[in-house]
Amino acid sequence: MKKQKNTLGVVGLGYVGLPLAVEAAAKGYTVIGVDINTELLKTIDARRSPYANDARFAAAIKATPKDQFTTTTDYAALEEADTVVICVPTPTEHNVPDLGLVELAAANVAQHLQKGQLIVLESTVNPGVTRDAVLPILERTSGFAVGKDFFLAHCPERIDPGNPKYYVGNLNRVVGGITPACTKKALAFYTALIDAQIIPLGSTEEAEFVKSWENTQRNVMIAMANSAAIICDGVGMDIERVQKGLQSKVDQFGLSLAQPGIGPGGHCIPEDIHYIIKRARESGIDTRFLDDASELNDRMPKYAVLRLSRLAKEHGEELRNIRVALLGLAYKPDISDTRKSAAIEAGYMLRRYAGSLVAYDPYIDDPTLVPFTISSSLDKALETADAVFVATAHSQFARRLTPAFLKKHGIRYVLDGRNVLNKSAIERAGIAYRGIGR
Ligand SMILES: NC(=O)c1ccc[n+]([C@@H]2O[C@H](COP(=O)([O-])OP(=O)(O)OC[C@H]3O[C@@H](n4cnc5c(N)ncnc54)[C@H](O)[C@@H]3O)[C@@H](O)[C@H]2O)c1
Numbered sequence: 000m001k002k003q004k005n006t007l008g009v010v011g012l013g014y015v016g017l018p019l020a021v022e023a024a025a026k027g028y029t030v031i032g033v034d035i036n037t038e039l040l041k042t043i044d045a046r047r048s049p050y051a052n053d054a055r056f057a058a059a060i061k062a063t064p065k066d067q068f069t070t071t072t073d074y075a076a077l078e079e080a081d082t083v084v085i086c087v088p089t090p091t092e093h094n095v096p097d098l099g100l101v102e103l104a105a106a107n108v109a110q111h112l113q114k115g116q117l118i119v120l121e122s123t124v125n126p127g128v129t130r131d132a133v134l135p136i137l138e139r140t141s142g143f144a145v146g147k148d149f150f151l152a153h154c155p156e157r158i159d160p161g162n163p164k165y166y167v168g169n170l171n172r173v174v175g176g177i178t179p180a181c182t183k184k185a186l187a188f189y190t191a192l193i194d195a196q197i198i199p200l201g202s203t204e205e206a207e208f209v210k211s212w213e214n215t216q217r218n219v220m221i222a223m224a225n226s227a228a229i230i231c232d233g234v235g236m237d238i239e240r241v242q243k244g245l246q247s248k249v250d251q252f253g254l255s256l257a258q259p260g261i262g263p264g265g266h267c268i269p270e271d272i273h274y275i276i277k278r279a280r281e282s283g284i285d286t287r288f289l290d291d292a293s294e295l296n297d298r299m300p301k302y303a304v305l306r307l308s309r310l311a312k313e314h315g316e317e318l319r320n321i322r323v324a325l326l327g328l329a330y331k332p333d334i335s336d337t338r339k340s341a342a343i344e345a346g347y348m349l350r351r352y353a354g355s356l357v358a359y360d361p362y363i364d365d366p367t368l369v370p371f372t373i374s375s376s377l378d379k380a381l382e383t384a385d386a387v388f389v390a391t392a393h394s395q396f397a398r399r400l401t402p403a404f405l406k407k408h409g410i411r412y413v414l415d416g417r418n419v420l421n422k423s424a425i426e427r428a429g430i431a432y433r434g435i436g437r
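Residue numbering for the sequence shown follows numbering that gives the first Met the number 0, beginning at 0 and increasing consecutively.
Right, here's the structure in full:
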């Protein structure tokens, strides 16, 4: 088949692949997107954004000319591409990374591999996967040699969905190739596409490690914040004041602080630590420190539910008789993504132990997407509730959950799982309040 110049193939058009495809099209590349989800392809072909609350991306996809970005389920279309980027999911199942989709995508790409093509894995993986899992599939199926006939690199994505400042087009990246020629090719590709620093590393493993480690650091920092909050609760200090004190050091020394809460969620922070743990354990390295951090964060939804239960008890009531409104289901503020959300974990526990449970999330209106009864508005959610459990720091909650609003709905208990409400004002209104560490 005749190859065109500057044609990019993107495999997997999710949170990572779709913004990349749209950005490349805007920069003049011809883009071929491959995905197995035909409903998603229809949405993309109609130039509708699948993401709520991301106006920048909605405008970008709308402005993408039809012939500049086409979609298909057929991997054969990738024969036209100069570069193919793989962005399929890499979930963990019971804390074990599942590479099935990466291997499947690699096998399909391998069947249509062309001489001179650059293949990049962008999915987050444990160190070693590009070389030990993807490379053998590509070489065996094609009979080509890496670094000579084709090029293979890892360039992990750092996209932060909903972030108004950083998006795929301006995020610093790291790249590592299987051979120096692979690194060079990948560096040239990303330097042309992205307006930010592209840092070449010594190997695919180093690039894989950087991505998993930055999210591991975040996980550990959140665990430290949660640990401090638990100590504050136990000895009667207020984490908000403690954090204010800690911040004064951070301001001068440039370190950073995480916030305590019911735990991290999403596709990255709770999962990537397990990529590092897996690889370290394979080499006989002690991972107890990381295991403990991850476990502490995983326990936070239960910790928060127990705090609500104790609060009710202090007022002579039992959680089993309390009607709870769970506010927020997404894993972070002002987006609709519920993957690995600590809010969902808390919801399961509340459904089991509370008198009744109704959930509300301003970004989620499809009841089939979540395992709880969903309310259509904040007012409706509070109408029949005795307690609110703030599970996601959506900005409208801090704005709307005023003491007067809570009083109007007869709320007696507040469990602020993200420490976003005004504790003293709520208590002054006669409503019992607990945060995480305050
Ligand atoms: N979501 C994030 O914020 C984020 C940030 C950085 C890195 N990552 C990493 O990027 C990778 C992709 O994550 P995502 O959030 O974009 O996932 P996603 O679930 O949003 O999208 C993945 C897409 O791949 C498609 N797909 C699955 N198997 C396929 C196959 N065999 N062939 C073609 N398409 C296939 C799915 O239909 C889906 O549309 C993961 O490794 C993730 O850890 C995600």
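Built from N, CA and C at the ideal position, the CB exists for glycine as well.
Quick one: is S226 near chain C, going by C-beta distance under 7 Å?
Included in the structure is just one protein chain, with no chain C present.
Thinking A345 and G260 are a contact (beta carbons under 8 Å), I'd like their distance in whole angstroms, please.
The pair is not a contact, with the Cβ atoms about 11 Å apart (cut-off 8 Å).
How big is the Cα-Cα spacing for T401 and I425?
7 Å
With distance defined between alpha-carbon atoms, name the residue in L328, E78, V10, G201 nearest to F149.
E78
Assign G27 to one of two classes, buried (16 or more other C-beta atoms within 10 Å of its C-beta) or exposed (fewer than that).
exposed
For S308, the three-state DSSP class (helix, strand or coil)
helix
DSSP state of E92, grouped into three classes?
Secondary structure of E92 (DSSP, three-state): strand.
What runs of the alpha helix (DSSP H), each 4 residues or longer, lie entirely inside the stretch 0-50?
If only complete runs of 4 or more residues are kept, the stretch 0-50 shows the alpha helix (DSSP H) at 16-25, 37-44, in order along the chain.
For H93, does the count of other Cβ atoms within 10 angstroms reach 16, so buried, or fall short, so exposed?
exposed
Three-state secondary structure assigned by DSSP to F371:
Shown here, F371 sits in coil according to DSSP, grouped into three states, outside any helix or strand.
Measuring only from the beta carbon, is S122 closer than 6 Å to any heavy atom that is part of ligand 1?
Yes, ligand 1 has a heavy atom inside 6 Å of this Cβ.
In chain order, what residues of the same chain lie with their CB nearer than 6 Å to the CB of G16, ignoring the 5 residues before and after it?
V9, C86
Mind checking whether the beta-carbon of H273 lies closer than 6 Å to any heavy atom of ligand 1?
no
Taking the continuous beta strand (DSSP E) assigned at H153, which residues delimit it?
150-153
Which of helix, strand or coil does DSSP assign to V249?
helix
Using a Cβ-based criterion (distance less than 6 Å to any ligand heavy atom), does T401 qualify as near ligand 1?
Ligand 1 never approaches T401 closely enough for any of its heavy atoms to be under 6 Å from the residue's Cβ.
Could you check where the beta strand (DSSP E) with S122 kicks off and where it finishes?
That residue, S122, is in no beta strand (DSSP E); it is neither H nor E in DSSP.
With DSSP run on the structure shown, which of helix, strand or coil describes A431?
strand
Going residue by residue through the stretch 286-364, where are the continuous alpha helix (DSSP H) segments of at least 4 residues, counting only ones entirely within it?
287-313, 341-352
From L98 to G283, what distance separates their C-alpha atoms?
21 Å
Which of the three DSSP states is assigned to A206 in this structure?
helix
Check: I334 C-beta below 6 Å from any heavy atom of ligand 1:
No, the beta carbon of I334 sits no closer than 6 Å to any heavy atom of ligand 1.
Looking only at its own chain, which residues have a Cβ that is under 6 Å from the Cβ of H266, when we skip the five neighbours before and after it?
R338
Given that a residue counts as buried once 16 or more other Cβ atoms are within 10 Å of its Cβ, and exposed if not, what is G176?
buried
State buried or exposed for L12, treating a residue as buried only when at least 16 other CB atoms are found within 10 Å of its CB.
buried
Cβ-heavy atom distance, N36 to ligand 1, below 6 Å
yes
Is it true that the CB of I31 sits closer than 7 Å to the CB of A76?
yes
Within 10 Å of its beta-carbon, does L381 have 16 or more other beta-carbons around it, so buried, or fewer, so exposed?
buried
Apart from the five residues on each side of it in sequence, which residues of its chain come closer than 6 Å, Cβ to Cβ, to E205?
Its chain contains G175 as the residues whose beta carbon lies nearer than 6 Å to that of E205, once the 5 sequence neighbours on both sides are disregarded; these appear in chain order.
So does P49 have its beta carbon nearer than 6 Å to some heavy atom of ligand 1?
Incorrect: P49 has no Cβ contact closer than 6 Å to ligand 1.
Residue span of the alpha helix (DSSP H) that contains A59, given as start and end:
54-61
What did DSSP end up calling I268 once you bin it into helix, strand or coil?
helix
Residue interval of the beta strand (DSSP E) (run including A386):
386-389 is the extent of the beta strand (DSSP E) around A386.
What does a CB cutoff of less than 8 Å around I430 pick up in its chain, not counting 5 residues either side in sequence?
Answer for I430: P402, L405, K406, I410, R411, Y412, V413, listed in chain order.
Using a threshold of 6 Å, is the CB atom of T337 nearer than that to any non-hydrogen atom of ligand 1?
no
One or two residues paired with Y412 in a DSSP bridge
A386, A431
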